[in-house]
Amino acid sequence: MFNIIGVLSINPNSGDKLAQLLSPLLAASRKDPGCIGYDCKRDELNADTYLFIETWKDDASLDAHMQTAHFKTFVEQVDAILEAPLELHKIMLD
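Everything in the sequence shown is counted per the UniProt record's numbering, starting at 1 for the first residue and increasing by one.
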């Protein structure tokens, strides 16, 4: 089991658009096989930075998630409001 922490930096004043994109992604991803937790929260120190906090059972579950229509749609659409490339961190859990 592991966490994925994704750091998403968006263009100023793009929070409403991001919220529209996140709603279907979060709902569908939480139902993906092997997903233990999936959330996205705004950084309280930087209003244009959001953190994905995901917990996955195994690599196969994450790989399958990244092939889903809801994930691919989000990636395609969010690109228009990104300030910087998505930064990912993987943390193994005991």
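Beta carbons: idealized from backbone N, C-alpha and C, even for Gly.
Quick caveat: nothing in here was measured; it's all calculated off a predicted structure.
Just to confirm the assignment, what range does the alpha helix (DSSP H) spanning residue i have?
| i | result |
| --- | --- |
| Asp16 | Gly15 to Ser29 |
| Lys72 | Ala69 to Val78 |
| Leu62 | Asp59 to His65 |
Which same chain residues end up closer than 7 Å to residue i when comparing Cβ atoms and leaving out the 5 residues on each side of it in sequence?
| i | result |
| --- | --- |
| His70 | Pro24, Leu25, Ala28 and Ser29 |
| Lys57 | Met1, Gly34 and Ile36 |
Using beta carbons (cut-off 8 Å, strictly below), is residue i in contact with chain C?
| i | result |
| --- | --- |
| Glu87 | Structure shown: chain C not included; a single protein chain is present. |
In its own chain, which residues sit with a C-beta less than 8 Å from the C-beta of residue i, not counting the 5 before and 5 after it?
| i | result |
| --- | --- |
| Ser14 | Asp48 and Ile81 |
Within the continuous beta strand (DSSP E) that includes residue i, where are the two ends?
| i | result |
| --- | --- |
| Met1 | Met1 -> no beta strand (DSSP E), and no H or E assigned at all. |
| Glu83 | Segment: none, Glu83 is in no beta strand (DSSP E) and carries neither H nor E. |
For residue i, list the residues DSSP reports as bridge partners.
| i | result |
| --- | --- |
| Gly37 | Thr55 |
| Leu88 | Gly6 |
What does a CB cutoff of less than 6 Å around residue i pick up in its chain, not counting 5 residues either side in sequence?
| i | result |
| --- | --- |
| Cys40 | Leu22, Tyr50 and Phe52 |
To the nearest whole angstrom, what separates the beta carbons of residue i and residue j, a pair I think is in contact under 8 Å?
| i | j | result |
| --- | --- | --- |
| Leu8 | Leu86 | 6 Å |
| query | When the Cβ atoms of the segment 26–36 are set against those of the segment 78–86, are three or more pairs found closer than 8 Å? | reply | Touching, no, given that fewer than three Cβ pairs across the two stretches are closer than 8 Å.
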